[in-house]
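First comes the structure, then the notes that go with it.
Residue numbers (my numbering), protein chains in the order written: chain G, 1 to 203; chain V, 1 to 180.
Encoded structure:
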């Protein structure tokens, strides 16, 4: 069998490709354990995501950070970056976050922006919180804009964004991520068959 | 404070000012059988204050303040702009909404909607394409606490128990206690 090396979420002529995401599945299984969960979704609001997490005792905080990727890219001053991130993320001081859904956003942030965003996120999380992300790793290019990933079911994700122009992928390595996200450790990482690395980070 | 007349009969003052009318329901958002009427705040109307009523309401104008329709449905139409905390039995959003939404039965956000606020309701649905920033409380216990608190308080300020934070929106409510 020949592996399909198309980057994750690239829509083909046949439509978007579903992706097995075992670490996302492991996240869902933890939620099935019961209790109340605060989930921070860095992506846009999607009906499938709401439906998936609506099965649990959840509060879903939706930030839609993809809209701000351009602004985050343009700011280089660390202090201004922190201010921008604070304005974009939910106000601090409420219930702390248990689960963070990064989707593919990590790829679209410069190293300083990634540090600022994930530091801001960490300040809103409980100790031991989990963050799920997808990183373009084996593939050299990625879609120009962040995708629109949603759960197809408890085990599969799908990118509903239309195929479009591409750009080089930063291809963050685990070492890069450790440098940019010093408060997070990689709990598990899995190279997916279409060239992306699925990560589950722990704070 | 603005009061919508009961069961399709606009109050005298409101009728005289022309800011509310009743007309047969045509919105796709409420597809219940049988003839029903709802009050309409038209596109040229601006209301600033506390809006209460006992009939279904469609807002196509601009409303700031609070909106309370405890036993009825509210539709924020495609032209509507609401900057208010909203309490209703069912809430359907098609236009611009900035504020918190409390739906004792359901909240439905259509694809044309732009919502910046927090949603608390036992049934929340959102159509892809809608712009939403805020929190969706889906924990039945927290929803029940918030909506029950609203019902018992009546016209008082909203329950604060499950009120989460919205980016950029000042909030002075205390944190929700949880069992986690």
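Beta carbons: idealized from backbone N, C-alpha and C, even for Gly.
Chain-order list of residues whose beta-carbon lies under 7 angstroms from that of residue 48 of chain V (same chain, five-residue window excluded): Within the same chain, residue 48 of chain V has close Cβ partners 64, 65.
For residue 29 of chain V, which residues from the same chain have a beta carbon less than 6 angstroms from its beta carbon, with the 5 sequence-adjacent residues on both sides left out? Because residue 29 of chain V sits at a pLDDT of 45, beneath the cut-off of 50, its placement in the model cannot be relied upon, and the point is left open.
Any C-beta of chain G within less than 7 angstroms: which residues of the region 102 to 114 of chain V qualify? Using a CB distance below 7 angstroms, no part of the region 102 to 114 of chain V faces chain G.
DSSP state of residue 87 of chain V mapped onto helix, strand, coil: Reduced to three states, the DSSP call for residue 87 of chain V is strand.
Name, going along the chain, the residues of the region 81 to 98 of chain V whose beta-carbon falls closer than 7 angstroms to a beta-carbon of chain G. Answer in chain order: no residues at all.
Whose CA, out of G:109, G:93, G:39, G:36, lies closest to the CA of residue 69 of chain G? When each option's Cα is compared against that of residue 69 of chain G, the closest is G:109.
DSSP beta-bridge partners of residue 58 of chain G: Beta-bridge pairing links residue 58 of chain G to G:37.
Note the first and the last residue of the continuous alpha helix (DSSP H) segment covering residue 258 of chain G. Any answer about residue 258 of chain G is impossible in this case: the structure gives chain G only from 1 up to 203.
Return the CA-CA distance between residue 86 of chain V and residue 67 of chain V, expressed in angstroms with no decimal places. Distance between the alpha carbons of residue 86 of chain V and residue 67 of chain V is about 5 angstroms.
Which of the residues in the region 27 to 46 of chain G, read from start to end, lie with their CB under 7 angstroms from any CB of chain V? Correct list: 35, 36, 45, 46.
Candidates G:199, G:38, G:177, of which the one nearest residue 115 of chain G by Cα: Looking at the Cα atoms, G:177 is the closest of the given residues.
Closer than 7 angstroms at the beta carbon, the chain V residues around residue 53 of chain G: Simply 138.
Under the DSSP definition of a beta bridge, which residues are partnered with residue 81 of chain V? By DSSP's assignment, residue 81 of chain V forms a beta bridge with V:62, V:96.
Less than 8 angstroms between the C-beta atoms of residue 88 of chain G and residue 39 of chain G, yes or no? No, the Cβ-Cβ distance between residue 88 of chain G and residue 39 of chain G is not below 8 angstroms.
Pairwise C-alpha distance: residue 186 of chain G and residue 174 of chain G: Their Cα atoms are separated by approximately 8 angstroms.
What is the C-beta distance between residue 23 of chain G and residue 190 of chain G, in whole angstroms, given that I count them as a contact (C-beta under 8 angstroms)? Indeed, because the Cβ distance is near 6 angstroms, the residues count as touching under 8 angstroms.
Comparing alpha-carbon positions, which option in G:104, G:128, G:78 lies nearest residue 97 of chain G? Looking at G:104, G:128, G:78, the one whose alpha-carbon comes closest to that of residue 97 of chain G is G:128.
Three-state class that DSSP yields for residue 111 of chain V in the structure shown: It is coil, neither helix nor strand.
I want to see whether chain G comes within less than 8 angstroms of residue 121 of chain V, judged by CB atoms only; does it? Taking Cβ atoms only, chain G never reaches closer than 8 angstroms to residue 121 of chain V, which makes this a no.
Neighbourhood of residue 43 of chain V by C-beta, 7 angstroms cutoff - its chain only, sequence neighbours within 5 removed: Contacts found: 60, 61, 79.
Name, please, each residue of chain G whose Cβ falls closer than 8 angstroms to the Cβ of residue 126 of chain V. Residues of chain G with a Cβ closer than 8 angstroms to the Cβ of residue 126 of chain V are, in chain order, 45, 46, 47, 50.
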